[in-house]
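Taking our numbering, the leading residue of the sequence shown gets 118, the next gets one more, and so forth.
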Amino acid sequence: MVVVPAAEAHARGSYVRELPSELYIETTNRCNLKCRTCPQYFGMSEDFADLTPELVGRILDQFPFARRVVLHGIGEPLLNKDLPGIVEMVKRRDAYALFNTNGLLLGNRLIEPVILAGLDELRVSIDSASPETYELVRGTDGFARIVRNLRELARLKDALASATPKVSLWITGMKSNVAELTALVRLAHDVGVREVYLQRLVYSERGLAVNSEALFGKAADHELRAVRDAETLALRLGVELKGSGEVSAAEMVTGGRSETESYRACRRPWSLMYVTANGNVLPCCIAPFTGAHYAGIVLGNIFQETSEEIWNGPRYQAWRRSMLAGDPPGACVGCGAGWSL
């Protein structure tokens, strides 16, 4: 097979000639939280594992045109002691490196070597602007610690004279926390963070990940007003408030597409690959959050098959065909272009 970068030829068939240029690599599936919206809260589908720089290098070797590598999944990347070496491995390929963190470990000894390794972007998932709501969602009293860590991170970047990583705060929009969006914008400004992202709740009818908490297409007037007020404050403070998926925060709540249009707009099965800490390949990082049967979302294993065998193997092609036919897999129904990129 002739391998060309995905950016050069994006095809909407079941067979995709080009390997993806975007990879999600789950550096660890261990976590120090059990958030009530996360699969970790309900029990893991895989054994706990950490990737090493050598294993990440083996993965990257199969994707010569990888240009964006996201180093997170169902776990906290800063629990992996090899994270600086993994970031360095990605940067050797001249790829953009980023990961999400829950922020609780930003004060540990790994963060400086991670910065020095060249991390481009750091997304801090906080989901609240108060200790009470944080504990409701995250199940622990960690809000004040994260705020301290964000301040320390800003000081460390200044001390290192490093413009990177670009830091942003992320909140999963729910009826339980949307009223705090304005306060989160104010907090971001206070700790020197210039971007805040509102993303949709992935609901599986477990814990807090339930339809009744969802805002997308279901927001009451006062909830939409809370988002509009946050947008107004962000503009005044010079903070960018955005919805994930390249839309505005308000569009993330009001819903610009029907469910059918949304999954049909999804590019992920044609443009990226998600590899778990055990090497399993999934269609995207959202799929495990949907409550879909786990075996049904595994499309191969990168340590047992080649990237080419998986990318155009029977399971990947069947997944693409079902989406094109208007009968998406259970993990894709109601999902699509509105999720984070």
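Note that the Cβ used here is the ideal one computed from N, Cα and C, for glycine as well.
Because the structure is a prediction, the values reported are computed rather than measured.
Member of the options whose CA lies at the smallest distance from the CA of residue i
i	options	result
Q179	M369, R210 and H410	R210
T169	E269, I203 and R147	I203
C155	R185, T144, E193 and V173	E193
F420	L301, A166, R311 and L172	L172
L227	N219, R255, N197 and K208	N197
D338	V370, L221 and P400	V370
T144	L177, V264, G360 and A367	L177
V133	G430, P445, S439 and V450	G430
F336	S162, A296 and A382	According to the sequence as given, residue 336 is Ala; it is not Phe. Selected option, being the one with the closest Cα: A296.
L277	R265, I243, A234 and R317	A234
G355	E249, A300, H306 and C148	H306
R345	G334, S329 and T299	T299
P248	V264, L236 and D237	V264
V364	E425, A442, N418 and R317	R317
C148	F182, L140, P445 and N217	N217
E205	T257, V231 and N219	V231
Which of helix, strand or coil DSSP assigns to residue i
i	result
M390	strand
V415	coil
A126	Residue placement at A126 is flagged as unreliable, the pLDDT there being 35, under the threshold of 50; the coordinate-derived value follows with that caveat. Of the three classes helix, strand and coil, the one that applies to A126 here is coil, per DSSP.
Y314	strand
L304	helix
Q243	The sequence given here places Ile at residue 243; Gln does not occur at that position. Coil at I243, not helix or strand.
E368	helix
L233	helix
D178	helix
A435	helix
R323	strand
I427	helix
I288	strand
V133	coil
T299	helix
V173	helix
E330	helix
L458	For L458, the pLDDT reaches just 46, beneath the cut-off of 50, and the residue's location in the model is therefore unreliable, although a value from the coordinates is still provided. Looking at L458 - three-state DSSP - the assignment turns out to be coil, as it is neither helix nor strand.
R385	helix
L358	strand
Whether residue i touches residue j by CB criterion (9 angstroms)
i	j	result
V241	V187	no
G190	N146	yes
R153	W387	no
P201	M390	no
L150	L253	no
V319	F406	yes
E312	E340	no
D244	R255	yes
L239	L222	no
G417	I427	yes
D167	A394	yes
E322	L273	no
Unbroken alpha helix (DSSP H) run spanning residue i, endpoints
i	result
N397	Where N397 is concerned, there is no enclosing alpha helix (DSSP H), although the beta strand (DSSP E) it sits in stretches over N397 to L399.
K208	L200 to R209
I263	F260 to L277
E251	In the sequence as displayed, the identity of residue 251 is Tyr instead of Glu. First-last of the alpha helix (DSSP H) with Y251: P248 to R255.
L341	D338 to L354
G408	Here G408 belongs to no alpha helix (DSSP H), and DSSP marks it neither H nor E.
Distance between beta carbons of residue j and residue i, contact taken as under 8 angstroms
i	j	result
I288	L315	6 angstroms
V392	I142	5 angstroms
A212	R184	5 angstroms
G360	E348	Actually they do not touch by this definition, with Cβ atoms about 10 angstroms apart.
A366	L304	About 16 angstroms separates the two Cβ atoms, so there is no contact after all.
G447	A409	5 angstroms
V310	L352	Not really, about 16 angstroms apart at Cβ, beyond 8 angstroms.
Start-to-end residues for the beta strand (DSSP E) that takes in residue i
i	result
L140	E139 to I142
L215	Y213 to T218
R185	R185 to V187
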